[in-house]
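> If you're matching positions, the sequence shown starts at 93 in the numbering used here and goes up one per residue.
Starting off with a structure, shown below.
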Amino acid sequence: MSAMSDYLELEILDHILGTGAYTMPSNVYVGLANASFNDDASGSELSGNGYTRKVAAFSAASGGTTSNSGAIEFPAATGSWGSVSHFGIFDASSSGNLLIHGAFSAAKTIASGDILRIAAGDLDVTAA
């Protein structure tokens, strides 16, 4: 299950209703967390120990859902990332705006030297 951030909801409404234009980001980036992001973009994204957001591509939506079109591979952890349970999709490689957030179907503990990979088709984004 995924949800749009408050930021994205307002941008889409303004765009559709003609009160503002939303410019699609040139890339979107997947970020990771040990707990849920919130619609207002609060929440704690991972940091340190070799963590960085990774660029991702998605297939065209169909039936209210889409998924990543290619594998997403994070760098090897240089220390513990803890139990990674949630993701956020952002419009920048750092800072920027949270667009969509959700939970993985299962948490994965990432220790030093581990590489987190999301296979193509495994990160589902749904419109609710």
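All residues carry an ideal CB built from backbone N, CA and C; glycine is no exception.
Tell me, to the nearest whole angstrom, how far the beta carbon of V147 is from that of L191; I am working on the premise that it is less than 8 Å.
Actually they do not touch by this definition, with Cβ atoms about 13 Å apart.
> Could you check where the beta strand (DSSP E) with D216 kicks off and where it finishes?
Looking at the DSSP string, the run of the beta strand (DSSP E) that includes D216 is 216-218.
> Here's the rule: buried if 16 or more other CB atoms are within 10 angstroms of the residue's CB, otherwise exposed. What is F125?
It is worth fixing the name first, because residue 125 is Ala in this sequence and not Phe. Buried is the call here.
> Which residue's Cα is closest to the Cα of I207: Y114, G142, P117?
Out of Y114, G142, P117, G142 has the C-alpha closest to the C-alpha of I207.
> Would you mind working out which of S154, G135, S97 sits nearest N216, comparing C-alpha positions?
Reading off the sequence shown, one finds Asp at residue 216, where the question assumed Asn. Out of S154, G135, S97, S154 has the C-alpha closest to the C-alpha of D216.
> With a cut-off of 8 Å on the beta carbons, I'd call S151 and S159 a contact; round off their distance for me.
About 6 Å; that satisfies the 8 Å criterion.
> Whole angstroms is fine: what's the gap from A195's alpha carbon to F182's?
Cα to Cα, A195 sits roughly 15 Å from F182.
> What does DSSP give as the partner residue(s) for A199 in the beta ladder?
Answer is none; A199 lacks a bridge partner.
> Please identify the residue among H193, A212, A199 whose C-alpha is closest to the C-alpha of A219.
When only C-alpha atoms are compared, the closest one is H193.
> Starting from S159, follow its DSSP beta bridges and name the residues at the other end.
BP columns for S159 point to D216.
> Measure the beta-carbon distance from A169 to S204 and round it to whole angstroms, keeping in mind my assumption that it falls under 8 Å.
With a Cβ gap of about 6 Å, A169 and S204 count as contacting.
> Kindly give me the distance between the Cβ atoms of H107 and Y114, rounded to whole angstroms, as I take these residues to be in contact under 8 Å.
Right, their Cβ atoms sit about 4 Å apart.
> Is it buried or exposed for M96, if we count other Cβ within 10 angstroms and need 16 for buried?
The residue in question, M96, is buried, as its Cβ has 16 or more Cβ neighbours within 10 Å.
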